[in-house]
Amino acid sequence: MKKEHVSKILIGALGIIMGIFFVLSIVGIVNLLREKQNEKQEENNTQAIERQENVPTAKQADLQQLTWKQVDPAFIPWPKRDSHGLVVFRDTLWLMGGLGGEPQQKEYWNMPHYSDIWSSSNGTNWELVTNNAPWQQRRSLPLVVFQDKLWLMGGWNNTVWKYQNDIWNTSDGENWKRVSKQTAWEGREGHTITQFQGKLWLMGGVRFDTRKTYNDIWISENGKDWSIVTESAPWSPRYDHAVATFQNKLWLIGGVPLGGADATNDIWVSEDGLNWQLVTDNAPFSVRHGLALEVYENTLWIISGWDTKQGKGIRDVWYSKNGLEWQKTSQNAPWRGREDHATAVFQGKLWLTGGMTEDWSWNNEIWYSSFEP
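Residues in the sequence shown are numbered consecutively from 12, following the working numbering.
What follows is the structure, given as structure tokens:
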């Protein structure tokens, strides 16, 4: 009896030991599978990161390879136009004002002018904010973000048939307040408003009623009150030029004098807004006015414009890392040559809207930059 009892105990102990080994084996297998799964996940993550890193970006790609893609026209609800405003404000793209129509129907001065405001959170889908902004129908309306507000100044008001020197601002893009009915500088169009060194700077412009083109410079510390910097800058009187703040300097490029026949391709630079230096009076790009000038990826970009020597809009795109040396992108833009289009840098891309082509045709196209083939 004792031997049988001992045998039962040994058999039971052996069973327990085998059970423990079985459990440990299962645990080991599970852990091994988990390790393999983790290794696979890490491999997948690494491949995903590599794929993501291989997607061309503005910083990685050769700037010369910049191309353009068009937004589906079916998504664009606003009418054809040029001389409108386009600006990024509160992480939203805003488009407003300008003029457009069909040249076969009316003379230029009688073309429809707009007082509408449109907004977009992605550049593709647009919402009408209002069709009748309080600043009334106008073209050539510079927009600038300053002191956490969006500002609009001057331009041609087609409602009262008058050049304006009024000043408006808004905190939300929808509700506008007139800050000044008449400021110190004369009403005009084709001028620029630029933020530089914490101040606003107005330069140049034209009045066709008095046959006057300007090369004056005005400055404001609050957007409302303006003082003259100079009535005669060293660059010639002009309108439809372009100005940008780049590398802590003001850069002025192109434009055209009264008469519209002899556009320039000169480049001027200033460290203080008062003293200007001529960089070149004959840049490698052709003469032009109605051009766009943007700072994108710490690079200065010139986009299209009207070449008065060729008598047409041009499709080229130029860029410079220092404002002195310029290169042309390897391909011309796919759109028709144009002038008085409006551009902005939004969500890591260059955006172009509207404009007028050489046959006096307006459009409401939207294009954005890309580095993908």
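Ideal Cβ positions, reconstructed from N, Cα and C, are used throughout, including at glycine.
This one's a predicted model, so the numbers in the text were calculated from it and none came from an experiment.
Going straight from the alpha carbon of residue i to that of residue j, what length do you get?
{"i": "Trp246", "j": "Asp277", "result": "9 Å"}
{"i": "Leu285", "j": "Ile204", "result": "15 Å"}
{"i": "Leu152", "j": "Leu302", "result": "15 Å"}
{"i": "Val267", "j": "Ser130", "result": "31 Å"}
{"i": "Ser380", "j": "Trp362", "result": "7 Å"}
{"i": "Glu336", "j": "Pro295", "result": "9 Å"}
{"i": "Gly265", "j": "Val298", "result": "7 Å"}
{"i": "Gly201", "j": "Asn374", "result": "20 Å"}
{"i": "His252", "j": "Leu263", "result": "7 Å"}
{"i": "Lys173", "j": "Asp73", "result": "47 Å"}
{"i": "Leu161", "j": "Ser182", "result": "7 Å"}
{"i": "Glu185", "j": "Leu104", "result": "13 Å"}
{"i": "Asn293", "j": "Asp83", "result": "38 Å"}
{"i": "Trp120", "j": "Phe219", "result": "11 Å"}
{"i": "Thr291", "j": "Glu138", "result": "43 Å"}
{"i": "Val98", "j": "Leu154", "result": "7 Å"}
{"i": "Leu289", "j": "Val254", "result": "14 Å"}
{"i": "Asn412", "j": "Leu261", "result": "Outside the modelled stretch of the chain, which goes from 12 to 384, sits residue 412, for which no answer is possible."}
{"i": "Asn136", "j": "Pro88", "result": "9 Å"}
{"i": "Gly359", "j": "Val280", "result": "26 Å"}
{"i": "Gly334", "j": "Phe86", "result": "36 Å"}
{"i": "Glu376", "j": "His95", "result": "13 Å"}
{"i": "Asp159", "j": "Trp287", "result": "29 Å"}
{"i": "Asp102", "j": "Thr221", "result": "40 Å"}
{"i": "Lys223", "j": "Tyr250", "result": "10 Å"}
{"i": "Glu118", "j": "Gln258", "result": "42 Å"}
Only counting the same chain, and skipping five residues up and downstream in sequence, which positions put a Cβ closer than 6 Å to that of residue i?
{"i": "Asn142", "result": "Asp127"}
{"i": "Asp236", "result": "none"}
{"i": "Tyr225", "result": "Gly215, Gly216 and Pro248"}
{"i": "Thr212", "result": "Correcting the residue type first, residue 212 is Trp in the shown sequence and not Thr. If we look at Trp212 and ignore the five residues flanking it on each side, its Cβ neighbours are Thr205, Ile230 and Gly284."}
{"i": "Trp329", "result": "Phe296, Ile313, Trp337 and Lys339"}
{"i": "Gln81", "result": "Trp378"}
{"i": "Lys323", "result": "Gly348 and Glu369"}
{"i": "Ile228", "result": "Met214, Val240, Thr241 and Ala244"}
{"i": "Gln175", "result": "Gly165, Gly166, Asn168 and Gly198"}
Answer yes or no: do residue i and residue j have a C-beta to C-beta separation smaller than 7 Å?
{"i": "His300", "j": "Ala272", "result": "no"}
{"i": "Arg150", "j": "Gly198", "result": "no"}
{"i": "Glu350", "j": "Gly316", "result": "yes"}
{"i": "Thr170", "j": "Phe207", "result": "no"}
{"i": "Thr354", "j": "Glu305", "result": "yes"}
{"i": "Asn168", "j": "Gln193", "result": "no"}
{"i": "Lys332", "j": "Thr310", "result": "yes"}
{"i": "Ser341", "j": "Gln75", "result": "yes"}
{"i": "Phe357", "j": "Gly134", "result": "yes"}
{"i": "Phe100", "j": "Val140", "result": "no"}
{"i": "Trp187", "j": "Pro145", "result": "yes"}
Going by beta carbon distance, what residues of the same chain come within less than 7 Å of residue i, once the five residues before and after it are set aside?
{"i": "Ser191", "result": "Asp177, Ile178 and Lys235"}
{"i": "Gln325", "result": "First, the amino acid is wrong: residue 325 is Ile here, not Gln. Within the same chain, Ile325 has close Cβ partners Ser297, Arg299, Ser315, Gly316, Asp318 and Gly348."}
{"i": "Pro403", "result": "Nothing in the structure corresponds to residue 403, since the chain is present only between 12 and 384."}
{"i": "His352", "result": "Asp93, Ala303, Ser315, Leu363, Thr364, Gly365 and Gly366"}
{"i": "Gly111", "result": "Pro90, Lys91, Arg92, Asp93, Met122, Pro123 and Trp373"}
{"i": "Lys210", "result": "Ile230, Ser231 and Glu232"}
Only counting the same chain, and skipping five residues up and downstream in sequence, which positions put a Cβ closer than 8 Å to that of residue i?
{"i": "Asn56", "result": "Note that Asn56 scores a pLDDT of 36, beneath 50, so its modelled location is shaky and nothing firm can be said."}
{"i": "Arg189", "result": "Pro145, Trp146, Asp177, Ile178 and Trp179"}
{"i": "Ser132", "result": "Asp102, Thr103 and Leu104"}
Query raised in the report: What runs of the beta strand (DSSP E), each 3 residues or longer, lie entirely inside the stretch 107 to 147?
Result: Runs of the beta strand (DSSP E) inside the stretch 107 to 147: 128 to 131 and 138 to 141.
**Report entry** Every unbroken beta strand (DSSP E) within the stretch 280 to 325, with a cutoff of 3 residues, ordered by chain
**Finding:** List check, beta strand (DSSP E) in window: 287 to 291, 303 to 306 and 311 to 318.
Query - Whole runs of the beta strand (DSSP E) within the stretch 154 to 230, excluding any shorter than 3 residues - result: Counting only runs of 3 or more, we get 154 to 157, 160 to 168, 173 to 181, 187 to 191, 203 to 207 and 210 to 218.
Requested in this report: Entirely within the stretch 324 to 351 and at least 3 residues each: give me those beta strand (DSSP E) ranges in chain order.
Outcome: Counting only runs of at least 3 residues, the stretch 324 to 351 fully encloses no beta strand (DSSP E) element at all.
Query raised in the report: What residue ranges within the stretch 249 to 277 form continuous beta strand (DSSP E) runs of no fewer than 3 residues, ordered along the chain?
Result: Under the rule that a run must span 3 or more residues, the beta strand (DSSP E) segments found entirely inside the stretch 249 to 277 read 253 to 257 and 260 to 264.
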